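**Q** Let me begin by handing over the structure; questions about it come next.
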Amino acid sequence: MFAPAPALALDPTQKRFLESLARAGSTPQSLAHKCQVILLASEGAANNFIAPQTGLSRPTVIATRAAFAKGGVDALRQRLTRRRSRRIRTPELEQKILDTSLQTRPPDATHWSVRTLARHLGVSRTIIHEVWQKSEVQPHRVERFKLSNDPRFEEKVRDVVRLYLNPPDRALVLCVDEKSQIQALERTAPILPLRPGLPERQTHAYKRHGTTTLFAAFNILNGKVIASCLPRHRAKEFIRFLNHLEKEAPPDQDIHLVRDNDSTHKSAAVPRWLKPKKRRRFHFHFTPTSSSRLNQLERLFGLITDRMIRRRTCHCVDELERAIYQWLANWNHEPKPFA
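Each residue of the sequence shown is one higher than the one before, counting from 862 in our numbering.
Written out as structure tokens, the structure reads:
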């Protein structure tokens, strides 16, 4: 609580003059309010009472009282100015802000915020924000990366990229992968629809109705997809998908398959499947370890997740698989290869 300010001392002449100014229709509104402040203050009214009575803020009431005490009535006609301690944004200050942002951490947090750094350096939040924006410093953001320790990293990257940029003549280049554990989820309450000012909303609670695994092959030249939904994610199902792929692919072309290092792709059953002479047209190319992003099919799986799976409600696995096949059919109607 603020202690009440002492009453201002006014002589009768000053009081009559202020009352006449406050009542006169030609007096500017700002000056009339200041006169009311002084008159109320002379009666011993507190600043917290004067502020709502005159429509002014409490700091303005205090500044008006101080100006009258210092310069009398003439001071009320002048514009009130408040002196604020303000640090000027200099190159030295900018460098200090950047050094602190990049080289130190607050004692009670993992990164600086605009407010915590402003308090630490004794500057305004605006200066911190401007310097960060100018230098593109974003302490609140974090990005993740993963490095491959594959000893044949460069060799595998060159092999896969060469297929993408210069595919062999009369050959089919397919990116092969599987999206496992796709859940058929049913929300426990109806989804609330999209409305102006409100996004679509769904409950956190759901019921599981089983899973499926999507095996797919992506043609890098035209963007078409060959796919099958199978119940498990094992070498057995992968061989089953390869059989399906063999039927769908043209019989007179070599087939180059870009795959990751999943255990199902390297099981003993795969070399046995390749042994027959008719399958020597199949050539496998592996992406480096921890570099599955080189497989273009990963991008297509991202589109399926964002556009169809994540917000869908399914009451059974069959319903989920029908939705996946329908989405892929629409994609194959107007396929788009990735650059």
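We put the CB at the ideal spot given by N, CA and C, even for glycine.
In this text, all values refer to a predicted model and were calculated from it rather than measured experimentally.
#1: Across the region 1011-1019 and the region 1139-1152, are there enough close Cβ pairs to call them in contact, namely three or more that are closer than 8 Å?
#2: Starting from Gln994, trace the alpha helix (DSSP H) in both directions and tell me its first and last residue.
#3: Keeping to the same chain, check which residues put their C-beta closer than 7 Å to that of Gln1044; ignore five residues upstream and five downstream.
#4: Taking only runs that begin and end inside the region 1000-1074, name each unbroken alpha helix (DSSP H) of 4 or more residues, in chain order.
#5: Taking the alpha helix (DSSP H) that Ser962 belongs to, which residues open and close that run?
#6: Could you tell me if His1117 is buried or exposed, where buried requires 16 or more neighbouring beta carbons within 10 angstroms of its beta carbon?
#7: Tell me whether the beta-carbon of Ile1165 lies closer than 9 Å to the beta-carbon of Val1131.
#8: In whole angstroms, give me the CA-to-CA distance for Arg1142 and Pro1000.
#9: When burial is assigned at 16 or more other CB atoms within 10 Å of the CB, is Ala1088 buried or exposed?
#10: Pull the bridge partners of Asn1191 from the DSSP assignment, please.
#11: How about Pro967 and Thr951: do their beta carbons lie closer than 9 Å?
#12: Measuring straight from C-alpha to C-alpha, what distance separates Asp1030 and Thr971?
#13: Cα separation between Ala870 and Pro889?
#14: With a threshold of 16 other CB atoms inside 10 Å of the CB of Lys895, please say whether the residue is buried or exposed.
**A** In terms of the structure at hand:
#1: yes
#2: Locating residue 994 in the sequence shown gives position 133, where the first residue counts as 1. 986-996 is the extent of the alpha helix (DSSP H) around Gln994.
#3: Here residue 1044 refers to the residue found at position 183 when the sequence shown is read from its first residue. Cβ neighbours of Gln1044 beyond the five flanking positions: Arg1069, Thr1072.
#4: 1014-1026
#5: Your numbering for residue 962 matches position 101 in the sequence shown. 952-964 is the span of the alpha helix (DSSP H), which, as asked, contains Ser962.
#6: Translated into the one-based positions of the sequence shown, residue 1117 becomes position 256. The residue is buried, with at least 16 neighbouring Cβ atoms inside 10 Å.
#7: Locating residue 1165 in the sequence shown gives position 304, where the first residue counts as 1. Locating residue 1131 in the sequence shown gives position 270, where the first residue counts as 1. Result no, Cβ atoms of Ile1165 and Val1131 do not sit closer than 9 Å.
#8: Position 281 of the sequence shown, counting from 1, holds the residue named residue 1142. Position 139 of the sequence shown, counting from 1, holds the residue named residue 1000. So the two alpha carbons sit approximately 52 Å from each other.
#9: By 1-based counting over the sequence shown, the position of residue 1088 is 227. Label assigned to Ala1088: buried.
#10: Here residue 1191 is taken as the residue at index 330 of the sequence shown, counted from 1. Bridge partners of Asn1191: none, in fact.
#11: Taking the sequence shown and counting its residues from 1, one reaches residue 967 at position 106. Taking the sequence shown and counting its residues from 1, one reaches residue 951 at position 90. Taking 9 Å as the Cβ cut-off, Pro967 and Thr951 do not qualify as a contacting pair.
#12: Counting from one through the sequence shown, the residue named residue 1030 turns up at place 169. Counting from one through the sequence shown, the residue named residue 971 turns up at place 110. Distance between the alpha carbons of Asp1030 and Thr971 is about 54 Å.
#13: For this step, residue 870 is matched to residue 9 along the sequence shown. For this step, residue 889 is matched to residue 28 along the sequence shown. Near 24 Å, if we compare the C-alpha coordinates of Pro889 and Ala870.
#14: Here the question's residue 895 lines up with position 34 in the sequence shown. Lys895 should be labelled buried.
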